[in-house]
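Asks:
In my numbering, the protein residues as written are 21 to 335.
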């Protein structure tokens with residue numbers, strides 16, 4: 021590739037091919053659903069089917085969109101940043117060098133991994149390259165799905181919420197140019213990668229400017245803060261939330277607990293039977309989560325509520 025723009029066009033072309041195949045499968049599934057398993061009882065609880073005499077799965081509802089959620093948004097943006105900077109801007113590495121190192125999962129080249137991990141721009145900061153690549157990605161995805169109509173007559177709506185799939189899919193995925201090693205958990209939802217965004221205000225601004233109109237299927241932003249100790253802390257949390265939504269944010273959910281408490285809960289589950297945590301769109305007992313999800317929640321960036329700065333995670 022002669023330029024990053026050429027690479028980005030190739031990336032978008034490859035993604036489009038994969039997404040087209042996913043849509044084909046969804047359409048096939050939908051057509052079989054229409055033939056084999058109609059849903060008259062479910063349809064009776066919606067506005068539209070009774071009036072039109074049309075089942076939900078035939079487009080009887082008022083709204084017939086299909087959600088298309090995406091896993092690893094932050095990891096993808098960070099990888100695009102790393103490629104643009106390390107290959108095209110600063111000529112630090114070649115494509116061949118990075119590809120070879122990724123195939124080996126950074127074996128014998130920890131120096132490259134540390135550079136990609138710590139010296140390239142990260143989503144969740146107000147770095148211009150990170151902002152540009154994150155905005156370009158959400159807009160590309162939005163425009164791609166706008167060209168597709170589902171089997172019920174509605175549009176596909178891109179979304180960024182991952183439930184626990186970012187853990188499961190991360191476990192079977194290879195290394196990335198962002199510095200992420202193979203089998204590591206992806207960042208959840210629309211959330212920046214753990215440890216990547218050092219300032220909460222900058223992180224919220226970077227997410228807010230993505231643009232709500234380009235995320236019609238919704239998003240999940242997972243945040244973790246130090247404990248609330250007084251009224252001033254409550255006001256501080258409120259100011260972060262208000263600023264985020266004024267900047268264009270769509271969703272935020274919180275865990276108000278420290279790294280240490282979560283690590284202790286993993287080591288001594290019998291002492292934390294009632295500990296509930298926000299996962300990604302829902303809450304669960306911490307003890308009921310699998311080990312990878314426990315680790316993912318433990319290592320989520322913890323922000324000092326008063327200063328807004330990220331607290332370094334120490335194993």
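Even for Gly, the Cβ is constructed at its ideal location relative to N, Cα and C.
What's the C-alpha gap between residue 289 and residue 237?
Replies: Mapped onto the chain shown, residue 289 falls at position 269. Mapped onto the chain shown, residue 237 falls at position 217. Near 36 Å, if we compare the C-alpha coordinates of residue 237 and residue 289.
Asks: Checking contacts by CB at 7 Å: is residue 150 closer than that to chain D?
Replies: No chain D is present in this structure, which holds just one protein chain.
Asks: If we ignore side chains and look at the alpha-carbon of each, how far apart do residue 64 and residue 83 end up?
Replies: Taking the chain shown and counting its residues from 1, one reaches residue 64 at position 44. Taking the chain shown and counting its residues from 1, one reaches residue 83 at position 63. Spanning the two alpha carbons is a distance of roughly 15 Å.
Asks: What is the rounded straight-line gap between the Cα of residue 201 and the Cα of residue 279?
Replies: What you label residue 201 is simply residue 181 of the chain shown in a count that begins at 1. What you label residue 279 is simply residue 259 of the chain shown in a count that begins at 1. Approximately 22 Å, taken between the alpha carbons.
Asks: Among all the DSSP beta bridges, which residues are the ones paired with residue 175?
Replies: Counted from its first residue, the chain shown places residue 175 at position 155. Paired residues: 169.
Asks: Given residue 297, which residues of its chain have a CB within under 6 Å of its CB, disregarding the five upstream and five downstream residues?
Replies: Translated into the one-based positions of the chain shown, residue 297 becomes position 277. Closer than 6 Å at the Cβ level, and outside the excluded window around residue 297, lie 275, 306, 317.
Asks: Near residue 151, which residues of its chain fall below 7 Å by C-beta distance, leaving aside the five closest residues on each side in sequence?
Replies: Numbered from 1 along the chain shown, position 131 holds the residue referred to as residue 151. Excluding positions up to five away in sequence, the list reads 226, 229.
Asks: With distance defined between alpha-carbon atoms, name the residue in 54, 165, 72 nearest to residue 336.
Replies: No answer is possible for residue 336: it lies beyond the span of the chain, which begins at 21 and ends at 335.
Asks: DSSP has residue 303 in a bridge; who is on the other side?
Replies: One-based indexing of the chain shown puts residue 303 at position 283. 298.
Asks: Quick check: what's the CA-CA separation for residue 179 versus residue 253?
Replies: Residue mapping note: residue 179 aligns to position 159 of the chain shown, counting from 1. Residue mapping note: residue 253 aligns to position 233 of the chain shown, counting from 1. If you draw a straight line from the Cα of residue 179 to the Cα of residue 253, it is about 32 Å long.
Asks: In angstroms, rounded to a whole number, what distance separates the CA positions of residue 16 and residue 185?
Replies: Residue 16 lies beyond the stretch modelled for the chain, which goes from 21 to 335, so this question has no answer here.
Asks: Between the C-alpha atoms of residue 211 and residue 73, what's the straight-line distance to the nearest angstrom?
Replies: Taking the first residue of the chain shown as position 1, residue 211 is located at position 191. Taking the first residue of the chain shown as position 1, residue 73 is located at position 53. The straight-line gap from Cα to Cα measures roughly 42 Å.
Asks: What is the DSSP secondary structure of residue 11, counted as helix, strand or coil?
Replies: Because the chain is modelled from 21 through 335, residue 11 falls outside the range shown and cannot be assessed.
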